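Trainee: My structure is below; once you've seen it, I'll send some questions.
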Amino acid sequence: MLLEHGVPERLQNLRNICITSGYQSLPSHDGESYFLRFAFGVVSPSTRSFSLLKFRGSYSIVETIASYPAMQNILYLDISDVKLQLTEVIELIQILPNLEYLCYSCGGLGSSLGRVLYKEMPHILHAKYYPLSMRLKCCGINTFKRTPTRSIAVTAMVLAILCPRLTFAKVPSYLITTYNSAIENAIRDEPYLEHSDRLESLLN
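Going by the working numbering, 169 is the number at position 22 of the sequence shown; the sequence numbering is gapless.
Given below as structure tokens:
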């Protein structure tokens, strides 16, 4: 694949990535994915922080990052304008085992989880993925207005259940009241009740 040769070595010292656009997501196409690969391809071997601003489009950030094994060293990833479903977030965390901070835009739970009841989700995902990460501590969850607040709250709670060290999730200020209410209501009953001590730390 173009630009692959020599790129992994260039990324070994990279620890922080920030990719923002300021635009609503557009349909992805090969040009956007290529541009991101090109940007990674010109990173200096000594670079530790990388910012890509005003990058338009909804591209497959998960697949792009997964194609570079050296990206496993990333500690901080801010892709707050990139909409990811919970299933994609789980996949992203799996390929970034050292990640401590993640900021992204919540795109819901994902089609494969859309048929799973909210109360069944923690048990199903815990059995399949726990522990998802022993390093992730903080998650910033941005959102597009069409994403239900309940989905955002469930996403935060599921990630906290799967990642033992995750104790803080930040949401936009205009969502705080409904987000907090969704979490407070959820932890009154099982299966979230058994994790209530940790999940209360997600309140903003």
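Just so it is clear, CB atoms sit at the ideal spot from N, CA and C, and this is done for glycine as well.
Predicted, not measured: the structure shown is a model, and the values here were computed from it.
Sort Leu279, Ile242 and Leu231 by Cα distance to Ser258 and report the nearest one.
Mentor: Of Leu279, Ile242 and Leu231, the residue nearest in Cα terms is Leu231.
Trainee: Tell me whether Leu249 sits in a helix, a strand or coil according to DSSP, three-state version.
Mentor: strand
Trainee: Relative to the C-alpha of Pro278, which candidate in Cys253, Glu331, Tyr326 and Ala307 has its C-alpha closest?
Mentor: Closest by C-alpha distance to Pro278, out of Cys253, Glu331, Tyr326 and Ala307, is Ala307.
Trainee: Would you tell me roughly how many angstroms separate the C-alpha atoms of Glu267 and Pro311, rounded to the nearest one?
Mentor: 19 Å
Trainee: If we count Cβ pairs, one from each stretch, closer than 8 Å, do we get three or more for the region 245-257 versus the region 287-304?
Mentor: yes
Trainee: Between the Cα of Ala213 and the Cα atoms of Ser227, Ile237 and Leu233, which residue gives the shortest distance?
Mentor: Ile237
Trainee: Looking at the structure shown, is Thr294 part of a helix, part of a strand, or coil, going by DSSP?
Mentor: coil
Trainee: Between the alpha carbons of Asp336 and Arg297, how many angstroms are there, rounded?
Mentor: Asp336 and Arg297 have their alpha carbons spaced roughly 15 Å apart.
Trainee: Check for me: the alpha helix (DSSP H) holding Lys317 runs from which residue to which?
Mentor: Run containing Lys317: none in the alpha helix (DSSP H); it sits in the beta strand (DSSP E), Phe315 to Lys317.
Trainee: Just reading off the alpha helix (DSSP H) that Lys230 is part of, what are its end residues?
Mentor: First-last for Lys230: Tyr223 to Leu231, but that is the beta strand (DSSP E), not the alpha helix (DSSP H).
Trainee: Considering only residues of the same chain and omitting the five flanking positions on each side of Pro338, which have a CB-CB separation below 7 Å?
Mentor: The beta carbon of Pro338 is closer than 7 Å to those of Lys266, Pro269 and His270 in its chain, skipping five residues each way along the sequence.
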